């Protein structure tokens with residue numbers, strides 16, 4: 001099934017694809033991989049891109065307010081919370097920095113502690129009511145694509161309390177070698193295969 005076939009099946013009620021972009025480089029390798037992923041979604045879904053470097057989300061303070069009530073003591077996450085709750089699918093596009101997420105994106109991830117606390121401290125079975133699906137797009141300068149596995153495992157744990165199924169990951173490795181030109185084709189195909197799978201779920205209401 002291709003994007004055109006899916007488009008014919010999509011309802012007029014546009015689904016929301018929420019993207020968390022974790023690179024400081026707007027035109028770098030992570031942006032290029034994300035662009036390839038997003039191609040099938042244009043005209044088929046509402047796309048919201050959250051650039052972690054532009055959000056200035058403060059780190060979690062560990063104040064534990066979210067363990068006693070379903071909120072956060074810092075209000076800078078409120079808009080993201082609403083988007084997460086409304087989203088039909090989530091994409092995290094990021095480079096690997098020192099075997100982890102870049103700091104601004106990690107701050108956003110840490111602030112999802114409120115959902116963990118809602119589940120295990122407040123006993124709310126579904127802190128996020130709406131089920132959604134997600135994918136991880138990763139770029140890394142090293143040829144060792146398994147570096148991305150660290151990010152995948154962490155994100156899967158995060159999504160386990162947000163009613164989100166992490167469906168897969170596309171990795172563009174060895175980007176330090178001549179800009180990664182020799183490895184981009186495979187990464188692009190993996191990203192677009194994931195995109196079509198997610199788009200099918202969104203349009204056929206099989207979330």
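Residue numbers (the numbering used here): 1 to 207. From the three backbone atoms N, C-alpha and C, an ideal C-beta is built for every residue, glycine too. Keep in mind the model is a prediction, meaning the values are calculated, not measured.
>> Just to confirm before moving on: does the CB-CB distance between residue 73 and residue 61 stay below 8 angstroms?
In response: For the purposes of this step, residue 73 is taken as residue 73 along the chain shown, with counting starting at 1. For the purposes of this step, residue 61 is taken as residue 61 along the chain shown, with counting starting at 1. The Cβ atoms of residue 73 and residue 61 sit closer than 8 angstroms to each other.
> How would you call residue 178, buried or exposed, if buried means at least 16 neighbouring beta carbons within 10 angstroms?
Replying inline: Mapped onto the chain shown, residue 178 falls at position 178. It counts as exposed.
>> Considering only their Cβ atoms, is the gap separating residue 80 from residue 50 smaller than 8 angstroms?
In response: By one-based count along the chain shown, residue 50 stands at place 50. By one-based count along the chain shown, residue 80 stands at place 80. Residue 80 is positioned such that its CB atom lies closer than 8 angstroms to that of residue 50.
>> Please classify residue 66 as buried or exposed, where buried requires at least 16 other C-beta atoms within 10 Å of its C-beta.
In response: The sequence position of residue 66 within the chain shown is 66, counting from 1. By the 10 Å Cβ count, residue 66 comes out buried.
>> Would residue 155 and residue 170 qualify as a contact pair, given that the criterion is a beta-carbon distance under 8 angstroms?
In response: Numbered from 1 along the chain shown, position 155 holds the residue referred to as residue 155. Numbered from 1 along the chain shown, position 170 holds the residue referred to as residue 170. In this structure, residue 170 does not lie closer than 8 angstroms to residue 155 by Cβ.
> How is residue 186 classed by DSSP in three states: helix, strand or coil?
Replying inline: Here residue 186 refers to the residue found at position 186 when the chain shown is read from its first residue. Here residue 186 sits in helix by DSSP.
> Relative to the alpha-carbon of residue 153, which residue among 101, 76 and 88 has its alpha-carbon at the smallest distance?
Replying inline: Reading the chain shown from its first residue, position 153 is the one you call residue 153. When each option's Cα is compared against that of residue 153, the closest is 101.
>> Quick check on residue 111: does DSSP put it in helix, strand or coil?
In response: Within the chain shown, the letter at position 111 stands for residue 111. In the structure shown, residue 111 sits in coil (DSSP, three-state: anything other than H, G, I, E or B).
> What did DSSP end up calling residue 198 once you bin it into helix, strand or coil?
Replying inline: Taking the chain shown and counting its residues from 1, the one referred to as residue 198 is at position 198. Helix, per DSSP.
> Going by the beta-carbon positions, is the gap between residue 144 and residue 173 smaller than 8 angstroms?
Replying inline: What you label residue 144 is simply residue 144 of the chain shown in a count that begins at 1. What you label residue 173 is simply residue 173 of the chain shown in a count that begins at 1. Taking a C-beta distance under 8 angstroms as the contact criterion, residue 144 and residue 173 qualify as a contact pair.
> Going by other Cβ atoms of all chains shown within 10 Å of its Cβ, with 16 needed for buried, is residue 203 buried or exposed?
Replying inline: Counting from one through the chain shown, the residue named residue 203 turns up at place 203. Its Cβ being crowded by 16 or more others within 10 Å, residue 203 is buried.
> Alpha carbon to alpha carbon, how far is residue 70 from residue 118?
Replying inline: In the chain shown, the residue the question calls residue 70 occupies position 70. In the chain shown, the residue the question calls residue 118 occupies position 118. Rounded to whole angstroms, residue 70 to residue 118 spans 6 angstroms at the Cα level.
> DSSP three-state call for residue 47: helix, strand or coil?
Replying inline: Against the chain shown, residue 47 aligns to sequence position 47. Strand.
> Nearest to residue 159 by CA position, among 22, 116 and 55, is which residue?
Replying inline: Start at 1 with the first residue of the chain shown, and residue 159 comes out as number 159. The option with the nearest alpha carbon to residue 159 is 116.
> Hey, how far is the Cα of residue 168 from the Cα of residue 41?
Replying inline: Along the chain shown, read from residue 1 onward, the residue named residue 168 stands at position 168. Along the chain shown, read from residue 1 onward, the residue named residue 41 stands at position 41. Each residue's alpha carbon lies about 17 angstroms from the other.
> Going straight from the alpha carbon of residue 47 to that of residue 28, what length do you get?
Replying inline: The residue labelled residue 47 in the question sits at position 47 within the chain shown. The residue labelled residue 28 in the question sits at position 28 within the chain shown. Approximately 20 angstroms between the Cα atoms of the pair.
> Between residue 91 and residue 19, is the Cβ-Cβ spacing less than 8 angstroms?
Replying inline: Walking along the chain shown from the start, residue 91 turns up at place 91. Walking along the chain shown from the start, residue 19 turns up at place 19. Yes. Within cutoff.
> Helix, strand or coil: which one does DSSP assign to residue 130?
Replying inline: Taking the chain shown and counting its residues from 1, the one referred to as residue 130 is at position 130. DSSP places residue 130 in coil when its eight states are reduced to three.
>> Relative to the C-alpha of residue 132, which candidate in 111, 86, 183 and 146 has its C-alpha closest?
In response: Locating residue 132 in the chain shown gives position 132, where the first residue counts as 1. Cα-wise, what sits closest to residue 132 is 86.
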